[in-house]
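Worksheet: the structure to be examined is printed underneath.
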Amino acid sequence: MEKAIHYQDTRERILIVGESLLIGRGFTALGLSEILSTAKVPKGSFYHYFQSKEGFGVALLERYFSEYDTRLTCLLSDQSRPVRSRIIAYFQGWRAMSADNNCHHTCLAVKLAAEVSDLSEPMRCALDRGMDSIIAQLAGAIRLAQSQGSVLARSDAAQLAETLYSMWVGASLLSKVKRSPQPLDLAYQHTELLLQ
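In my numbering, the protein residues as written are 323 to 518.
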């Protein structure tokens, strides 16, 4: 039993270290030796948990989206504020995170979507599943806000959620390229209009 706990700790350490390195360098530029030396883990331990660097990337994305889903569920189910303001708070948080990082870093999903979607089908599928989960949660919140009358029911909730998420992913990439929060500021203005 202790061995399984040790392995779980080692796997988590590899994923945590790998994510922090990946955010700064990107997936293709990040070498396995750099992950292992930073995590202070032997090569054999890496292959005990992951069949390949690509398998590591898939596990990293699955972990990322699992934690993201938990945070998003908590935010969108917060009964202390109206549903529309919970949805707006999600996008405010996205904008604030980018501002805190001076647009140099984007979330893991945005960073990897642009980099690996054409290079790795398993990682593309993990991104697709994770992003679909976020969109589904947003659609559920929009649907609830529409039923309560705080968001106009003129648009299909699922389409509106996908439109909003797509707009923010694109705005995040533009903010990174321009090193400016302006694309995210514009996305925020349009989000408020779409969620009238």
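By construction, the Cβ of each residue, glycine as well, lies at the ideal position given by its N, Cα and C atoms.
Item: Assigned secondary structure, T513 (DSSP; H/G/I helix, E/B strand, else coil); Value: helix
Item: Cβ separation of A463 and R393, assumed to be a contact under 8 Å, to the nearest whole Å; Value: Going by Cβ atoms, the distance from A463 to R393 rounds to 14 Å, so no, they are not a contact pair.
Item: G353, buried or exposed, once every other Cβ within 10 Å from all chains shown has been counted against 16; Value: exposed
Item: Neighbour-count burial assignment, P505, 16 or more Cβ in a 10 Å radius; Value: buried
Item: Closest residue to A436 among V363, G492, I338 (Cα-Cα distance); Value: G492
Item: L337 to A381 span [Cα, whole Å]; Value: 8 Å
Item: L358 beta carbon less than 7 Å from that of F349; Value: no
Item: Coil, strand or helix - L352 by DSSP; Value: coil
Item: Through-space distance from V339 to Q511, alpha-carbon basis; Value: 36 Å
Item: Own chain partners of L508 with C-beta closer than 8 Å, once the 5 adjacent residues on each side are dropped; Value: A493
Item: Supposed close pair V405, S477 - CB separation, criterion 8 Å; Value: Not a contact, Cβ separation roughly 15 Å.
Item: Unbroken alpha helix (DSSP H) run spanning R501, endpoints; Value: That residue, R501, is in no alpha helix (DSSP H); it is neither H nor E in DSSP.
Item: Supposed contact pair I457 and A475 - C-beta distance, whole angstroms, cut 8 Å; Value: Not confirmed; about 18 Å, so no contact.
Item: Distance CB(S439)-CB(R446) smaller than 7 Å; Value: yes
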